[in-house]
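To start, the structure under review is shown below, and the notes come after it.
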Amino acid sequence: MPNAKLLPTGQARIEHMEMRGIVKRFPGVLAADHINFDVRAGEVHALLGENGAGKSTLMKILYGLYQQNEGDIFLNGERVFIKSPADAIALGIGMIHQHFMLVPSLTVAENVALGLKSSRGLLLDLDVVTNRINDLAKTYGLHIDPSAPVWQLAVGERQRVEIIKALYRGAALLILDEPTAVLTPQEVDDLFVTFNQMVDDGHALIFISHKLHEVLAISHRISVLRDGKHVGTVPTREATKQSLARMMVGREVLLQYDRPPVEVGPPRLQVTDARAASDQGTEALRGVSLDVRAGEILGLAGVSGNGQRELAEVIFGLRPMTGGTINIEGRDVTGQPASILNTMGMSYIPEERMVDGVIKDFTVAENLILQDHGLPVYSRNIFLRPGAIAQRCAELIQNFNIRTPSQETPIKSLSGGNIQKLVLARELARAPRVLIAAQPTRGVDIGATEYIHQRLLDQRAKGTATLLISEDLDEIMALSDRIAVIYEGEIMGVVDRANASIEQLGLLMAGVRQETTAEQSA
Amino acid sequence: MIEDLLTASVVASGIRIATPYLFASLGETFGQRSGVLNLGVDGVMLMGAFCSFWAVSEFTPQGSQTWDATALAMGVLVAILVGLLMGLATAFINVTLKAEQGISGIGIYLFGLGMSDLLFQKTFDQVAIINGFPKVGFPNFLTDLPVLGEVLFQHTLLVYMAFALVPVTWFVLNKTTLGLNIRAVGQNPEAADAMGISVTRVRYFTVTLGGVLAALAGATLSIAQHNVFQQNMTAGQGFIAVALVYFGAWRARGVLFGALLFSLVTALQLKAGTVGIDIPDEYLSMTPYVLTIIALVFASQRIDQPAALTKPFDRGE
């Protein structure tokens, strides 16, 4: 077959890409320490590791965003020098970034045309680009409207634009940096269909993730990085979640938790017919009713943007309600500000920890006493008590295993996991009676996630009523006693965890209301 | 009273006054669309004004009583050259050195303000007048048209160049690959960089172009309108030009509208002074500026506001 070496896009295949002995130093950090990595046409090679393990650094080197200090890259046996993304693109390497590299104000076609040579010289040829996008969309089943502005697209659609962008540029090797982080289970399935087709067609894919079940589902080989070092490469059929987690963290990791039975008490948080508007003024909550009891974790599942953020803000007094009531331990607190709710024993772990959870230019110590800095423990009259603060912060840093060079370190230089542990430390130190935890482990590595989950279960044992809002179904399933599903600002159903299945929850998340109750189906 | 004010000559004068604003604001639009705010426009204008004035004076033959084409061409050329140098310097400070743009612009302004005056004092020992750009020689049947003749056909070449620049700017920004690169770099430089576009090169280009157009704006004042140079002769027009970019919501036609509105109000205010309307002079002089502030507060079209405006680009390596 004369065309066997060509991809459907007409590009030459990259039969073999190899990185040898890659070293990358940043000031004070060895981000990549003699890493070897390779990928072949027609395979998915997964790159697994915690945040900061060196996955992104390695891939940014391959894509020309960083330059390695040592080591070489070979394409089909030939040594290549990749000094910029333009070089990488010219060699047939494409990258789908974790944070989409799209310009929201431009249309799909304009985003795709960006940086390309136009067939009309200096003038744009958007009609030509549009036609080719439609061709690619047909070939790979990536449906998209080329004339739509990107800011109007849903997250799953934006991802398709990114893939089309790479294919349009003739990518034979695609680097996929956590491509599933923002998708629903169904969207992930669709994406995997596309990936499988690309692999069958002879593309080489590098799949970066820290979700073990996805890595096991899509890849042929798995390489694990830890602290900038290559720990090992295993064929996927020989790997298990447990063995991969051990390689990633360097010790045994609990993937399932003991959930000792806890006596469930009376409802501590009752939300009745809550209604509220979104930032855009549309109806975000359309009559949400929930109750969370003492000693219980109620999981709130749902696809991002179905009212979860608004619900958390309404409960914590950060967003005005247009209807309904909130009760804490039988007291009506509708419309009370957060400061009052705090004193009533409510704590809130916000979704956007860098925006709503900490002040990023403040030090670790300052962030730990935030909200409480006016209490007598930390201040006398108008003066802070540095000694008392330092002592209390030292305790919290130790108890919550926060890894920081010192109390005086600005929080922005900590890793995501440690920042989240700090927020958790501050909120749990108040011994909350009601806890709202919104996406508590998003962007947090496995080790820290395990730790945070254990802490939430400890609170459950102490009788705290916890509302766990998460888009990660695994997390919901691992921790919750009952699971509520929200869709377009309405609760589609509440099921006991014991009776819940991923399929059933997936349908509820897509807005398909259950016909039979959880009790009957069980 | 209104009939006394809104005459053909006032509209014509408004169009003349709008010319330097158009040059400077359209140049600034390119820079801001790529994410660079250059507050130093006024300083570049002053340098352009002085240097072109000097060149025209230098190259005009001794004793000549009328305009000299070579001298005027040299004036424009020198303005372009000075704008190029100051634009490159601005780009170096803001793009390569990643300076805080709000502050570095003030530095560039003060440099232009001081340097143009120093050079002026070193080269001219008395007040000098030059023969600047003449009106374009349109056929009589055009120039003699009632109202339109005066409004449209009795201006210098630079006026027509400035207005022609409006559709050119729109075309370049929206219909060319360069324009797409500029818009992308201003909205999301990381994305542009990942697509192989050199953020640095695009920003050097737009900021340098902005410098050239700002210098031409200055030259318009000194070799086409007033035909003199004096210290701080722009009187802050460069800052108004920056404001007009916001006012025009980063679009060529918005900038045109803003420049015309501001200039017409200025022309009306000048005229009001001469027809003896009984309002203190200070209030009249204030009106264009007050109007600009009010318009800026209420201008709400922000779709094209570059998200990366004033933010230096860093790959994070």
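Residue numbers (this note's numbering), protein chains in the order written: chain A, 1 to 522; chain B, 1001 to 1317.
Just so it is clear, CB atoms sit at the ideal spot from N, CA and C, and this is done for glycine as well.
Fair warning: this is a prediction, and the values are worked out from it, not measured in the lab.
DSSP lists A:175 as the bridge partner or partners of residue 95 of chain A. Contact note: residue 95 of chain A reaches chain B through 1194, using a C-beta cutoff of 8 Å and chain order. Straight across, the Cα-Cα distance linking residue 1039 of chain B with residue 1107 of chain B is about 9 Å. The bridge partners DSSP lists for residue 215 of chain A come to none.
At a Cβ-Cβ threshold of 8 Å, residue 144 of chain A and residue 132 of chain A do not count as neighbours. When C-alpha distances from residue 471 of chain A are compared across A:432, A:313 and A:437, the shortest belongs to A:437. A distance below 6 Å between beta-carbons, with the five flanking residues on each side excluded, links residue 53 of chain A to the following residues of its chain, in chain order: 225 and 226.
Rounded to whole angstroms, the gap between the alpha carbons of residue 75 of chain A and residue 190 of chain A is 30 Å. By the CB criterion at 8 Å, residue 13 of chain A and residue 5 of chain A fall inside the cutoff. The C-beta of residue 1279 of chain B comes no closer than 8 Å to any C-beta of chain A. Cβ contact annotation for residue 173 of chain A (same chain, cutoff 8 Å, sequence separation greater than five): 14, 17, 39, 92, 93, 94, 203, 204, 205 and 206, in chain order. Within the segment 73-107 of chain A, 84, 85, 86, 87, 88, 89, 90, 95, 97, 99, 100, 101, 102, 103, 104, 105 and 106 place their CB atoms closer than 9 Å to a CB of chain B, listed in sequence order. Three or more Cβ pairs closer than 8 Å define a contact, and the segment 358-378 of chain A falls short of that threshold against the segment 432-447 of chain A. Cβ atoms of residue 1014 of chain B and residue 1264 of chain B come within 8 Å of each other, at about 4 Å.
Judged by pairs of C-beta atoms under 8 Å, the segment 56-69 of chain A does not touch the segment 1162-1176 of chain B, as fewer than three such pairs exist. Between residue 248 of chain A and residue 48 of chain A, the C-beta spacing is below 8 Å. Spatial neighbours of residue 51 of chain A in its own chain (CB-CB distance under 8 Å, excluding positions within 5 residues in sequence) are listed in chain order as 210, 415, 416, 417, 443, 444 and 445. Residue 1178 of chain B belongs to the set of residues whose beta carbon lies under 8 Å from a beta carbon in chain A. When the five nearest sequence neighbours on each side are left out, the beta carbons in the same chain lying within less than 8 Å of the beta carbon of residue 406 of chain A are those of 364, in order along the chain.
Boundaries for residue 453 of chain A: no beta strand (DSSP E) harbours it, while the alpha helix (DSSP H) harbouring it runs 446-461, taken from the DSSP string. Per DSSP, the continuous beta strand (DSSP E) segment holding residue 323 of chain A begins and ends at 323-328. Three or more beta-carbon pairs separated by less than 8 Å link the segment 1037-1057 of chain B to the segment 1199-1216 of chain B, which places the two stretches in contact. If you look at residue 270 of chain A, you'll find it in the beta strand (DSSP E) that goes 267-277. Rounded to the nearest angstrom, the Cβ distance from residue 311 of chain A to residue 285 of chain A is 6 Å, consistent with a contact under 8 Å.
Bridge partners of residue 229 of chain A according to DSSP: A:226. When DSSP states are grouped into helix, strand and coil, residue 195 of chain A belongs to the helix group. At least 8 Å separates the CB of residue 1028 of chain B from every CB of chain A. Of all residues in the segment 110-134 of chain A, those with a C-beta nearer than 7 Å to a C-beta of chain B are 110, 113, 114, 115, 118, 122, 123 and 124, reading in chain order. Leaving aside the five residues that flank residue 44 of chain A on each side, the residues in its chain whose CB is nearer than 7 Å to its CB run, in chain order, 195, 199, 205, 207, 218, 219 and 220. The beta carbon of residue 385 of chain A sits closer than 7 Å to the beta carbons of 378 and 379 from its chain, once the five residues preceding and following it are set aside; these are given in chain order. When CB distances to chain B are screened at a threshold of 7 Å, the residues of the segment 60-71 of chain A falling below it are 65 and 66, in chain order. Assigned with DSSP and collapsed to three states, residue 42 of chain A falls in coil, not helix or strand. In this structure, the straight-line span from the alpha carbon of residue 168 of chain A to that of residue 1197 of chain B is close to 16 Å. Contact annotation for residue 1188 of chain B against chain A: 101, 102, 103 and 104 [CB-CB distance below 8 Å, chain order].
A direct Cα-to-Cα measurement between residue 1160 of chain B and residue 1193 of chain B gives close to 37 Å. According to DSSP, residue pairing for residue 17 of chain A in a beta bridge involves A:39 and A:75.
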